[in-house]
Amino acid sequence: MGVHTLAELTTFQVGGPIAALYEPQTHDHLVETLRELWSEGEEPLIIGGGSNLVAGDEGYDGPVVRIAHPGLEVVPAEPGRIVLRVSAGVVWDDLVAHTVSSGWSGLEALSGIPGSVGAAPIQNIGAYGQEVSAVLSAVELLDRYGEDPVWVSADELELGYRTSVLKRHRGEPAERDAVVLTVEFVLTDAAGLSAPIAYGQLAGALGVELGTQLPVADVRASVLALRASKGMVRDLSDRDTFSAGSFFTNPIVPLAAARSLPEDAPRWPVTPVAVEPTVIPLDHYTGELPGYAPTAAPELVKLSAAWLIEHAGISKGFRLPGSRAAISSKHTLALTNTGGATGDEVAALARFVQARVSAEFGVQLVPEPVLVGVEI
Numbered sequence: 001m002g003v004h005t006l007a008e009l010t011t012f013q014v015g016g017p018i019a020a021l022y023e024p025q026t027h028d029h030l031v032e033t034l035r036e037l038w039s040e041g042e043e044p045l046i047i048g049g050g051s052n053l054v055a056g057d058e059g060y061d062g063p064v065v066r067i068a069h070p071g072l073e074v075v076p077a078e079p080g081r082i083v084l085r086v087s088a089g090v091v092w093d094d095l096v097a098h099t100v101s102s103g104w105s106g107l108e109a110l111s112g113i114p115g116s117v118g119a120a121p122i123q124n125i126g127a128y129g130q131e132v133s134a135v136l137s138a139v140e141l142l143d144r145y146g147e148d149p150v151w152v153s154a155d156e157l158e159l160g161y162r163t164s165v166l167k168r169h170r171g172e173p174a175e176r177d178a179v180v181l182t183v184e185f186v187l188t189d190a191a192g193l194s195a196p197i198a199y200g201q202l203a204g205a206l207g208v209e210l211g212t213q214l215p216v217a218d219v220r221a222s223v224l225a226l227r228a229s230k231g232m233v234r235d236l237s238d239r240d241t242f243s244a245g246s247f248f249t250n251p252i253v254p255l256a257a258a259r260s261l262p263e264d265a266p267r268w269p270v271t272p273v274a275v276e277p278t279v280i281p282l283d284h285y286t287g288e289l290p291g292y293a294p295t296a297a298p299e300l301v302k303l304s305a306a307w308l309i310e311h312a313g314i315s316k317g318f319r320l321p322g323s324r325a326a327i328s329s330k331h332t333l334a335l336t337n338t339g340g341a342t343g344d345e346v347a348a349l350a351r352f353v354q355a356r357v358s359a360e361f362g363v364q365l366v367p368e369p370v371l372v373g374v375e376i
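Below, the structure written as structure tokens:
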């Protein structure tokens with residue numbers, strides 16, 4: 001197993017040493033490895049492609065299990081539907097490329113996203129008008145205290161904007177302590193046509209109206225070009241791509257807070273949060289509802305984190321004095337390692353961005369990557 005660092009295992013290339021590295025190459029070997037480590041009282045760090053992880057310079061004082069086992073199965077389904085069961089270790093964009101070459105739609109707008117298939121449901125990845133939640137059917141999980149792997153429906157994952165019950169938030173444990181083994185998708189066979197184009201920038205790049213369907217290969221090519229222009233497609237010759245992609249999620253705030261921003265600040269409506277009903281037993285009802293205000297759920301609005309960063313005075317390519325971590329020269333939403341950056345330098349830059357946006361607009365940006373040994 002040798003000596004490794006988290007820098008070697010992540011696209012950001014920051015992070016200190018680890019105690020041991022395990023890379024099971026089959027489904028059963030992965031299950032066996034995890035069971036053995038857990039039975040020994042170990043708390044292994046589970047990673048896939050390492051594209052959504054920012055690690056500290058002290059590293060991880062424990063074993064790391066890198067999920068990389070291959071496998072793809074087409075499950076019989078009704079005409080027009082393609083059911084795929086894909087091992088968690090498959091490279092995400094390899095899966096997308098395979099579905100596009102087969103003429104199946106549902107994942108084409110998610111082209112170029114780094115990482116592995118197993119990470120996709122954890123964070124409900126999305127881009128250019130598509131989200132995994134739209135085509136995710138079920139996942140096979142190995143629970144931390146479970147005996148055998150279990151299949152659970154997508155509904156049980158409580159998928160939301162870049163989140164699920166499986167995701168660790170800012171270093172905090174996940175609501176469900178489980179490892180993704182296999183992911184089931186339900187795609188569409190529409191004679192090689194894509195899902196309806198649902199994102200304005202992508203529609204503009206393709207020269208079509210929203211809702212148009214095009215050959216899936218054309219959509220993939222356009223998405224890859226858009227992502228590459230923002231430094232979001234891995235390129236070893238381009239330091240802007242040594243990152244964790246979009247570093248902050250787009251904030252979701254009440255409408256009243258959004259109205260305090262300049263008129264040109266981008267904003268998109270979000271489905272209001274449902275209000276839990278108030279239930280009072282009849283023998284306790286006095287005719288009044290203490291502490292209850294009969295108002296509707298607040299209307300929520302999604303803001304553009306990139307716009308907030310730019311208009312807080314942080315430009316592309318910005319870096320703190322002496323730091324080797326920088327804002328991407330192509331996209332303000334990405335923090336990058338320009339060469340030799342440390343986890344502390346990345347964290348310091350992220351905190352600076354947060355402070356500037358908070359001071360200028362009163363909005364707190366939330367990091368999207370999983371944080372290990374760093375505080376932001």
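At position 210 of the sequence shown the residue is numbered 210 (UniProt numbering), and the sequence of numbers has no breaks.
By construction, the Cβ of each residue, glycine as well, lies at the ideal position given by its N, Cα and C atoms.
Checklist entry - By DSSP, does Thr-10 sit in helix, in strand, or in coil? => result coil
Checklist entry - Would you say Ile-122 and Ser-153 are within 8 Å of each other, going by their C-beta atoms? => result no
Checklist entry - The beta strand (DSSP E) with Gly-62 in it runs from where to where? => result 60-66
Item to check | Nearest-angstrom Cα separation, counted from Ala-203 out to Ser-87 | outcome: 32 Å
Checklist entry - Considering only the beta carbon of each residue, do Ala-348 and Leu-320 sit closer than 8 Å? => result yes
Next on the checklist: Within 8 Å, do at least three Cβ pairs link the region 325-345 to the region 240-259?
Outcome noted: yes
Checklist entry - Is it the case that the Cβ atoms of Leu-30 and His-69 are separated by a distance below 8 Å? => result yes
Checklist entry - Buried or exposed: which applies to Tyr-292, given that a residue is buried once 16 or more other Cβ atoms fall within 10 Å of its Cβ? => result Only weak support exists for where Tyr-292 lies, its pLDDT of 46 falling under 50; the coordinates are left without a value.
Next on the checklist: Quick check on the DSSP output: the alpha helix (DSSP H) that includes Glu-242 runs from which residue to which?
Outcome noted: Sequence check: residue 242 is Phe here, not Glu. Phe-242 -> no alpha helix (DSSP H), and no H or E assigned at all.
Checklist entry - By Cβ distance, which residues of its chain are closer than 8 Å to Tyr-285, with the 5 residues on each side in sequence left out? => result Model confidence at Tyr-285 stands at a pLDDT of 48, short of 50, so the residue's coordinates are unreliable; what they give is reported in the following sentence. For Tyr-285, where only same-chain residues beyond five positions count, there are no Cβ hits under 8 Å.
Item to check | Start and end residues, alpha helix (DSSP H) containing Phe-248 | outcome: Run containing Phe-248: none; DSSP gives neither H nor E here.
Next on the checklist: Using a 10 Å radius around the Cβ and a threshold of 16 neighbouring Cβ atoms, would you call Arg-66 buried or exposed?
Outcome noted: buried
Checklist entry - So Leu-206 and Leu-141 are in contact, right, with Cβ under 8 Å, and what is the actual spacing, rounded? => result Not a contact, Cβ separation roughly 37 Å.
Checklist entry - Based on Cα-Cα distance, which residue from Gln-25, Leu-9, Ser-194 lies nearest to Val-223? => result Ser-194
Checklist entry - So what does Gln-130 bridge to, in DSSP terms? => result Ala-127
Checklist entry - What beta strand (DSSP E) runs, 3 residues minimum, are completely inside the region 310-347? => result 325-327, 334-337
Checklist entry - Whole-angstrom Cβ separation of Asn-124 and Val-370, contact assumed at under 8 Å? => result That pair is no contact at about 14 Å.
Checklist entry - Among Ala-138, Tyr-145, Arg-144, Pro-149, which has the Cα closest to the Cα of Asp-155? => result Ala-138
Checklist entry - Apart from the five residues just before and just after Asp-238, which ones in its own chain have a Cβ nearer than 7 Å to its Cβ? => result Gly-231
Checklist entry - Looking at the structure shown, is Pro-298 part of a helix, part of a strand, or coil, going by DSSP? => result coil
Next on the checklist: Which of the three DSSP states is assigned to Gly-200 in this structure?
Outcome noted: helix
Checklist entry - What separation, rounded to the nearest whole angstrom, lies between the Cα atoms of Gly-236 and His-169? => result Residue 236 is actually Leu in this sequence, not Gly. Computed Cα separation, rounded: 29 Å.
Next on the checklist: By alpha-carbon positions, which one of Ala-178, Tyr-145, Gln-130 ends up nearest to Gly-160?
Outcome noted: Gln-130
Item to check | Cutoff 6 Å; reference Thr-295; Cβ partners in own chain excluding five residues on either side | outcome: Its pLDDT being 49, under 50, Thr-295 is placed unreliably in this model, and the coordinates cannot settle the point.
Checklist entry - Nearest to Val-145 by CA position, among Pro-262, Glu-43, Thr-11, is which residue? => result The displayed chain sequence assigns Tyr, not Val, to residue 145. Selected option, being the one with the closest Cα: Glu-43.
Checklist entry - What is the residue span of the beta strand (DSSP E) that Arg-85 lies within? => result 81-87
Checklist entry - Looking at Ala-55 and Gly-373, is the spacing between their C-beta atoms short of 8 Å? => result yes
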